[in-house]
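Chains as they are written, first to last, in the numbering used here: chain A, 2 to 582; chain B, 6 to 107. The beta-carbon is built from N, C-alpha and C at its ideal position, and this holds for glycine as well. To start, the structure itself, in structure tokens.
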């Protein structure tokens, strides 16, 4: 039964991708319908799959000597991420009906979206590291295709290529780690790596651990690879909500959480993870303070919140990171989709031209505020519980100065969230923008996500049970919802954090009154260069392309020279074989 | 020394040598097609030999026959291209008609 469900949950979106593609761009209505049917079916199956979580592989396909076995393991971590990917995916598809209305290339759009959903689900369910890598790369390619979806816009193309290159660095990291594990263990199975990690010599284990950290940082847009996510905002907004907030960027967090028990003992690894998360959370929050592009501001805040999750893993709170991942997926998808309906309505992403839109788009304003409050960590919304949970773990298990910085980050979050809401929905209208109310499909998905923002923290106990019963290597402690609520409300960390969040709101309010909306000040040059990393990127890319130009000399176009090269290569192979034999 | 096996091996190596040498020095498109044929004949001979050595004669010969068919097509298409090239460019000199330069 579970095997059938796993097959369906990966196969259905892929089938849907082909169906939408084959329907043809002339029949937009059919394409919308097919995409919704397939994605909603996937979401329903993913929710059913939650009940069949187990630590055993449910599908085993032998692939011959070198690849081992292709297995799919629906354990707690996998099925919860599957459900997030499928549900947010289906809501993004529903939202797209209004957002992509009138687009002439729906086939390509929905094909990539559905193909992505299937690949993301495969990535988390796969029990074979090599196939995790394959799915990982498919998600990167789909992300690239969707960022560059408006391929007549040079900025979109450049953003897509940048994202592709940087996530490839991560892909190489994952592949290197996988191969080192294979050489040392003789198996690609994730369970084997988790089981035998302690028996591995320390050098290869450290290599695996740090390769995976590079992979995770590149995929989740963490320091020092944080530069690609803001540029990826050229994608259609439902894509930003789905891929660049709720699912693909979580793959890095997934990787770290999955292998935490194996790498825990590697010297300096947990500290490195902690610092990566800390630095990302801080610099992204600082960047969000002065962003003028609505989607860029949200992208910075995504990097910042992912930083919180990485920080939690570094502090040993794997479960806290997954809990925040769930909350973040819901409220950030809500924020992105709400921002999407604003952008769709007024036709610009520049917050300097918005203002006072709240009266003309009351529904969108309300759900955006709900999402923003959750992002800032205001009580009873899901973001509050998960962020406080992370901060509490940070205070207990990490140096106190790191906790202080994360607390400062929480204050910054409140500040930029308030600024965003104010600039878009309140104040005076700064430009003559034509705004219309959101369509029905948009309202449906926004409404569901807004409701989710209120209730997903109630799944704490369920998520905890799911993870602690099916993940034998992680040693999760059982904790019920009530215990979590009591421990958070009684922890001093919470009240500190609330104080800081309130302070952030307060300062923001004062600044808004003083009409200092956009001054970047000292931060501007830092943010423009992504804190000094943009020049590094440019240097690397230019170096590679200059080297490639030099290699052109070898392409003489003379047939005889090419033959000489082939014979030379043959001789080298023969010599190597002879030396080896 | 001159066992049948060795003779065939020398044949394979010799044909390969002739083929590669020809590919290295020739500039005439028709000669290119000819030396390609010689190379492929070496491969066919090697396939039969491999079939004999592995004790799987049938497989060796059938693979060789398949390659033979494919190789005939290569020859036909190659010569037809050579005719077309001669008509369009007025020459069969390979470097002169090359547009592969990077």
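Original post:
Which residues of chain A have a Cβ atom closer than 8 Å to the Cβ of residue 134/B, listed in chain order?
Top reply: As shown, chain B starts at 6 and ends at 107. That puts residue 134/B outside it, with no answer to give.
Original post:
Over what stretch of residues does the beta strand (DSSP E) that includes residue 62/A continue unbroken?
Top reply: First-last of the beta strand (DSSP E) with residue 62/A: 60-63.
Original post:
residue 539/A: buried (16+ other C-beta within 10 angstroms of its C-beta) or exposed?
Top reply: The residue is exposed, with fewer than 16 neighbouring Cβ atoms inside 10 Å.
Original post:
At which residues does the beta strand (DSSP E) containing residue 70/A begin and terminate?
Top reply: Residue 70/A -> beta strand (DSSP E) spans 70-73.
Subject >> Buried/exposed call for residue 548/A, threshold 16 Cβ in 10 Å >> reply: It counts as exposed.
Original post:
Which value, in whole angstroms, describes the spacing of the CA atoms of residue 631/A and residue 122/A?
Top reply: The structure shown does not extend to residue 631/A, since chain A is modelled only from 2 to 582, so the question has no answer here.
**OP:** Could you name the residues of chain C that residue 30/B contacts, counting a contact when the two beta carbons are closer than 8 Å?
**Re:** Although the question refers to chain C, the structure presented lacks it and instead comprises the protein chains A and B.
Subject >> Residues that residue 90/B contacts on chain A, provided the C-beta gap is smaller than 7 Å >> reply: Annotation: residue 90/B has no Cβ neighbours in chain A at a cutoff of 7 Å; minimum Cβ distance is about 13 Å.
Subject >> Expected contact under 8 Å - CB spacing of residue 431/A and residue 353/A to nearest Å >> reply: Indeed they touch by this definition, with Cβ atoms about 7 Å apart.
Original post:
Name the chain A residues that come within less than 9 Å of residue 99/B, Cβ to Cβ?
Top reply: Neighbours of residue 99/B across chain A, judged by C-beta separation under 9 Å: 559, 560 and 561.
Original post:
Looking at the unbroken alpha helix (DSSP H) that takes in residue 352/A, where does it start and where does it end?
Top reply: Annotation: residue 352/A is outside any alpha helix (DSSP H) and is labelled neither H nor E by DSSP.
Subject >> residue 83/A: first and last residue of the uninterrupted alpha helix (DSSP H) it sits in >> reply: Residue 83/A -> alpha helix (DSSP H) spans 77-100.
Original post:
Do three or more CB pairs link the region 63-83 of chain A to the region 116-134 of chain A at distances below 8 Å?
Top reply: In short, these stretches touch, since the Cβ pair count reaches three.
Original post:
In terms of residue numbering, what span does the alpha helix (DSSP H) encompassing residue 137/A cover?
Top reply: In the DSSP annotation of this structure, the continuous segment of the alpha helix (DSSP H) that includes residue 137/A starts and ends at 130-148.
Original post:
Exposed or buried, residue 329/A, counting other C-beta atoms within 10 Å across all chains shown (16 or more means buried)?
Top reply: Counting Cβ neighbours within 10 Å, residue 329/A comes out buried, since at least 16 surround it.
Subject >> Per-residue burial, residue 571/A [other beta carbons within 10 Å of its own, 16 or more giving buried] >> reply: Under a 10 Å Cβ-count criterion, residue 571/A is classified as exposed, with fewer than 16 other Cβ atoms of the shown protein chains found around its own Cβ.
**OP:** Please classify residue 102/A: is it buried, with 16 or more other beta-carbons within 10 angstroms of its beta-carbon, or exposed?
**Re:** It is exposed - the Cβ of residue 102/A has fewer than 16 other Cβ atoms within 10 Å.
**OP:** Quick one: using the 10 Å Cβ neighbour count with 16 as the cut-off for buried, is residue 77/B buried or exposed?
**Re:** Flag for residue 77/B reads exposed.
**OP:** Indicate whether at least one CB of chain A lies closer than 8 Å to the CB of residue 103/B.
**Re:** Closer than 8 Å to some Cβ of chain A, the Cβ of residue 103/B qualifies, so yes.
Subject >> Member of 403/A, 240/A and 175/A whose CA lies at the smallest distance from the CA of residue 252/A >> reply: When 403/A, 240/A and 175/A are compared, the shortest CA-CA separation from residue 252/A is found for 175/A.
**OP:** Per DSSP, which residues does residue 232/A bridge with? Please list them.
**Re:** Partner residues in a beta bridge of residue 232/A, as assigned by DSSP, do not exist.
Subject >> Separation of residue 130/A from residue 474/A, as counted between CA atoms >> reply: Rounded to the nearest whole angstrom, the CA to CA distance from residue 474/A to residue 130/A is 17 Å.
Subject >> Element boundaries [alpha helix (DSSP H), containing residue 42/B] >> reply: Annotation: the continuous alpha helix (DSSP H) that includes residue 42/B extends over 34-58.
Original post:
For residue 505/A, which of 91/A, 188/A and 409/A has the nearest alpha-carbon?
Top reply: Of the listed residues, the one whose Cα sits closest to residue 505/A is 409/A.
Subject >> Proximity below 8 Å, CB of residue 1/A to CB of residue 267/A >> reply: Within the shown structure, residues of chain A are numbered from 2 to 582, placing residue 1/A beyond reach of any answer.
Original post:
Got a sec: does the ligand SAH put a non-hydrogen atom nearer than 7 Å to the Cβ of residue 63/B?
Top reply: As far as ligands go, the structure on display features none, and thus does not contain the ligand SAH.
**OP:** In angstroms with no decimal places, state the Cα-to-Cα distance between residue 39/A and residue 12/A.
**Re:** Rounded to the nearest whole angstrom, the C-alpha separation of residue 39/A and residue 12/A is 10 Å.
Original post:
Would you report the Cα separation of residue 493/A and residue 76/A, rounded to the nearest angstrom?
Top reply: So the two alpha carbons sit approximately 34 Å from each other.
Subject >> Whole-number beta carbon distance between residue 394/A and residue 313/A, since they are thought to touch under 8 Å >> reply: Here residue 313/A really is in contact with residue 394/A; their C-beta atoms are around 6 Å apart, less than 8 Å.
Subject >> Distance between residue 10/B and residue 194/A (C-alpha atoms, nearest Å) >> reply: Answer to the nearest angstrom: the Cα atoms are 50 Å apart.
Original post:
When you compare only the Cα positions, how much space is there between residue 264/A and residue 270/A?
Top reply: Near 7 Å, if we compare the C-alpha coordinates of residue 270/A and residue 264/A.
Subject >> Sequence-distant residues of the same chain with beta carbon closer than 7 Å to residue 91/B, five excluded per side >> reply: For residue 91/B, where only same-chain residues beyond five positions count, the Cβ hits under 7 Å are 97.
**OP:** Within its chain, find whatever has a CB closer than 7 Å to the CB of residue 535/A; leave out the 5 residues flanking it on each side and keep chain order.
**Re:** Once the five neighbours on either side are set aside, the close Cβ partners of residue 535/A are 228.
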